[in-house]
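Notes follow the structure.
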């Protein structure tokens, strides 16, 4: 009976953990890095480095959910609207400074991202985003 009770409590913990609401900070981190074309797996690891735990599929679903709630963030024609993303993040946390503290990109972050995608791929995406940002 003891092992059954232990197994049940572990099962309950797992279900509770999976259903835990996302904090605004987690949403901002996930949306920022996803909008900069960082893979969902890398975003999951970046969240972990910042003290949060979300799986890559959870990151993908949450980002899609955010976009569905605010279509100005992404469109099939133009893809990410980084100006709208930046505005959404500032509004969500109430301060640009609070956002910047969460998304500061460190050498450790670069090492994490490099495990999932090439640096060249990321730099190309950043240059394209910056060019689109200046056009708007």
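In our numbering, the protein residues as written are 3 to 138.
All residues carry an ideal CB built from backbone N, CA and C; glycine is no exception.
Whole-angstrom distance between residue j and residue i, CA atom to CA atom
i, j, result
"residue 128", "residue 81", "13 angstroms"
"residue 53", "residue 77", "31 angstroms"
"residue 117", "residue 43", "10 angstroms"
"residue 112", "residue 38", "13 angstroms"
"residue 50", "residue 30", "14 angstroms"
"residue 103", "residue 95", "11 angstroms"
Endpoints, the alpha helix (DSSP H) within which residue i is located
i, result
"residue 115", "109-116"
"residue 54", "Run containing residue 54: none; DSSP gives neither H nor E here."
Where residue i falls: helix, strand or coil (DSSP)
i, result
"residue 24", "coil"
"residue 119", "coil"
"residue 47", "helix"
"residue 141", "It is not possible to answer for residue 141, since the shown part of the chain is limited to 3 through 138."
"residue 74", "helix"
Candidates the options, of which the one nearest residue i by Cα
i, options, result
"residue 101", "32, 23, 24, 59", "32"
"residue 98", "73, 132, 25, 85", "85"
"residue 57", "47, 66, 51", "47"
"residue 105", "28, 22, 23", "28"
"residue 132", "72, 62, 79, 88", "88"
"residue 71", "90, 55, 108, 110", "90"
Beta-carbon proximity list for residue i, same chain, < 7 angstroms, skipping 5 on both sides
i, result
"residue 74", "83, 86"
"residue 92", "98, 101"
"residue 115", "40, 44, 124"
"residue 122", "none"
"residue 65", "32, 33, 36"
Own chain, CB closer than 8 angstroms to residue i, minus 5 neighbours either side, in chain order
i, result
"residue 11", "With a pLDDT of 41 at residue 11, under the threshold of 50, the modelled position of this residue cannot be trusted; read the value that follows with caution. Hits under 8 angstroms: none found."
Cβ-based neighbour list, residue i, same chain, cut-off 6 angstroms, excluding 5 preceding and 5 following
i, result
"residue 25", "none"
"residue 68", "33"
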